[in-house]
Amino acid sequence: MSPRALRAWSWLHKWTSLVSTLFLLVLCLTGLPLVFHHQIGQWLGTEVASPAMRADAPRITLDQVMVAAQARFPSKVGMYVSQEPDDDTIWYVTMGDSPTATRGLKQVAVDARTGQALAEPKLDRGLMFVIHEIHVDLFAGLAGKLFVGFMGLLMLAAIVSGVVLYAPFMRKLRFGEVRRERSARVKWLDLHNLLGIVTLTWAIVVGATGIVNTWADLVIEHWRNDQVADMLARYRGMPPVTRLGSLEKAFANARARQPDMKIAFIAFPGTAFSSEHHYGVFMRGRTALTARLMKPVLVDAITGEVSASREPPWTMNALLLSQPLHFGDYGGVPLQWLWAALDVLTIIVLGSGLYLWLGKRGPVRKVLAADLRRAAR
Amino acid sequence: MKAFWSLWGWPLAIAILSGAGLVGGLIGDGGWDWLTWIGLGVPCVAAAWFGLRG
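As you go down the protein sequences, you meet chains A and S in turn.
Numbering-wise, this note's numbering comes out as the position in the first sequence, counting from 1, plus 57.
Numbering-wise, this note's numbering comes out as the position in the second sequence, counting from 1, plus 21.
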């Protein structure tokens, strides 16, 4: 590598890292508890559990579920009804002042067999909520999301330039060699290179899928414009729905359309995942891979008849598949621990990088400069 | 060529293994999960082995 190219890559690595490091540290630190959000929820007692009953106990209708939820919040309207992939004994009903509300949302967990309201999970407070909001958008909405995504792009640039710089720095060393006998800075330089290179694939994948997740709002918007708006021609000029038809009937017809799939969630008319005139019934597959993908069935909110069920655009599938690769929630508890370990290693890479830069003014500068000179030869 | 492999051999092997692990777990359960645990376990073990010894 020519000395000029080396200087250019060093410059790129330094500045992309410096600008993003603090934010990436925040993302790594808040991401760590989020990896274990299920376990932490159980520990904090915020996770809902249903009483044990026979597995084939009869289920009540979704209309009865809504009555139970509505009784808790008579002034609110339904927004979403959902189920966890691994537990069909509980319905989670999310309600708001309007279908498009973003604040003051309430949730009621209703027993799918008895109609009993089991709990009111808090959607907008609590430690995990705060950690989640910081991680996703720094409490700054879409702008915050896109900003975090930009930091992710800088991280990818820092990773690529870091890999390029790995060669000149490691040319004279064996893989994994850490020169402990020289100075602390040389030792940390070698550790930075070691940990950076072994976490490479994971960091690129988690970074890139994190960036994709920051575009979630835009992807959903695109789906709405692409598929929903297109199909709505028939409904043009019709008054907004004031009395919703049976949710159970809509659900049953959607299931009949996709008999091999399971319910993920139902969006009420007027929300981001439906139209003004439809229930958006989102079904997921039953295999490890297809359980991540969703198929929307749009059901007329008054008649309960299926209006359309189209494959979502590839951007939606890309978003859905990027989520497990970012969350690390697809390989049981062992994968959660590996995710946590790789996260901690990334924190060490970030911290050691910062340390190396801070020390550059002193003797390290000479060591690094000498290394660079030697490397360029 | 020898210089290339002595520099990039292990990093490439680890990168490919972890990539296979990341994708494997998405495809299925059971054996696929093991691929994921091994694939992503390798970088963690390498980090601990070289980072903590001596």
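Here a beta-carbon is modelled for each residue, glycine too, at the ideal position from N, C-alpha and C.
Being a predicted model, the structure only gives us computed values, none of them experimental.
Cα-Cα separation, residue i to residue j
i	j	result
D113 of chain A	V63 of chain S	43 Å
N250 of chain A	T403 of chain A	11 Å
R293 of chain A	I277 of chain A	22 Å
V436 of chain A	L301 of chain A	Outside the displayed span of chain A (58 to 434) sits residue 436 of chain A, for which this structure offers no information.
A375 of chain A	E238 of chain A	48 Å
R116 of chain A	H279 of chain A	36 Å
L131 of chain A	F339 of chain A	For the record, residue 131 of chain A in the displayed sequence is Pro; it is not Leu. Answer to the nearest angstrom: the Cα atoms are 26 Å apart.
I59 of chain S	G42 of chain S	7 Å
L355 of chain A	Q173 of chain A	28 Å
A200 of chain A	D194 of chain A	8 Å
A122 of chain A	D54 of chain S	The residue asked about is misnamed: residue 122 of chain A is Val in this sequence, not Ala. Going from the Cα of V122 of chain A to the Cα of D54 of chain S covers about 36 Å.
T171 of chain A	I254 of chain A	54 Å
V289 of chain A	P353 of chain A	Position check: residue 289 of chain A holds Leu in this sequence, whereas Val was assumed. Distance between the alpha carbons of L289 of chain A and P353 of chain A: 15 Å.
A311 of chain A	S331 of chain A	14 Å
V263 of chain A	M295 of chain A	45 Å
W66 of chain A	G408 of chain A	20 Å
P90 of chain A	L69 of chain A	31 Å
V319 of chain A	D145 of chain A	Note that residue 319 of chain A is Lys in the sequence shown, not Val. Near 10 Å, if we compare the C-alpha coordinates of D145 of chain A and K319 of chain A.
L84 of chain A	S77 of chain A	10 Å
H94 of chain A	R349 of chain A	19 Å
T118 of chain A	E362 of chain A	17 Å
P108 of chain A	A67 of chain S	45 Å
A321 of chain A	L82 of chain A	33 Å
M22 of chain S	R314 of chain A	58 Å
W70 of chain S	S39 of chain S	17 Å
Which of helix, strand or coil DSSP assigns to residue i
i	result
V138 of chain A	strand
M295 of chain A	coil
T151 of chain A	strand
P64 of chain S	helix
M340 of chain A	strand
K179 of chain A	coil
V421 of chain A	In this prediction, V421 of chain A has a pLDDT of 49, which is less than 50 and means its spatial position is unreliable; nothing more can be read from the coordinates.
F71 of chain S	helix
M60 of chain A	Note on identity: in this sequence residue 60 of chain A is Pro, with Met being the wrong assignment. The answer is helix: DSSP assigns P60 of chain A an H, G or I state.
Q315 of chain A	coil
Q284 of chain A	helix
P353 of chain A	strand
Q393 of chain A	helix
Q173 of chain A	coil
H334 of chain A	coil
S27 of chain S	helix
I261 of chain A	helix
D144 of chain A	strand
I35 of chain S	helix
A112 of chain A	coil
A158 of chain A	coil
F80 of chain A	helix
I359 of chain A	coil
F322 of chain A	strand
S132 of chain A	coil
A329 of chain A	coil
S303 of chain A	coil
P400 of chain A	According to the sequence as given, residue 400 of chain A is Asp; it is not Pro. The answer is helix: DSSP assigns D400 of chain A an H, G or I state.
Element boundaries [alpha helix (DSSP H), containing residue i]
i	result
H95 of chain A	94-101
Y223 of chain A	198-227
P381 of chain A	371-384
A241 of chain A	241-255
V105 of chain A	Unbroken run through V105 of chain A: none, as it is neither H nor E.
D168 of chain A	D168 of chain A -> not in any alpha helix (DSSP H); beta strand (DSSP E) instead, spanning 163-168.
D120 of chain A	119-129
8 Å contact criterion, which residue i and residue j should meet: CB distance rounded
i	j	result
S155 of chain A	V138 of chain A	Not really, about 17 Å apart at Cβ, beyond 8 Å.
V150 of chain A	A169 of chain A	That pair is no contact at about 11 Å.
G416 of chain A	R242 of chain A	5 Å
R228 of chain A	L28 of chain S	6 Å
L61 of chain S	W259 of chain A	7 Å
G46 of chain S	L392 of chain A	7 Å
T256 of chain A	V205 of chain A	Not really, about 20 Å apart at Cβ, beyond 8 Å.
First through last residue of the beta strand (DSSP E) which encompasses residue i
i	result
V363 of chain A	363-365
D194 of chain A	Run containing D194 of chain A: none in the beta strand (DSSP E); it sits in the alpha helix (DSSP H), 184-194.
Query raised in the report: For the region 390-416 of chain A, which residues have a CB atom closer than 7 Å to at least one CB atom of chain S, in sequence order?
Result: P391, L392, L395, A398, L399, L402
Requested in this report: Using a Cβ-Cβ cut-off of less than 7 Å, list which residues of the region 274-292 of chain A approach chain S; keep chain order.
Outcome: Cβ contacts with chain S come from no residue of the region 274-292 of chain A.
Query raised in the report: When you check each C-beta in the region 249-267 of chain A against every C-beta of chain S, which residues fall closer than 8 Å?
Result: L251, L252, I254, V255, T256, L257, T258, W259, V262
**Report entry** Residues within the region 371-385 of chain A neighbouring chain S, beta-carbon criterion of under 8 Å
**Finding:** L378, P381, L382
Requested in this report: Select from the region 214-242 of chain A all residues with a C-beta closer than 7 Å to any C-beta belonging to chain S, and list them in chain order.
Outcome: A224, M227, R228, F232, G233, V235, R237
Query raised in the report: When you check each C-beta in the region 40-56 of chain S against every C-beta of chain A, which residues fall closer than 8 Å?
Result: The region 40-56 of chain S vs chain A, Cβ under 8 Å: G40, L43, G46, L47, I48, G49, D50, W53, D54.
Requested in this report: Determine which residues of the region 341-363 of chain A have a Cβ less than 9 Å from any Cβ of chain S, and write them out in chain order.
Outcome: T344, A345, L346, R349
Query raised in the report: Residues in the region 124-142 of chain A with C-beta within 9 Å of chain S's C-beta atoms, listed in sequence order?
Result: Listed by position, the residues of the region 124-142 of chain A near chain S (Cβ gap below 9 Å) amount to none.
Query - Contacting positions in the region 24-38 of chain S - beta carbon closer than 9 Å to chain A - result: A24, S27, L28, W29, G30, W31, P32, I35, A36, I37, L38
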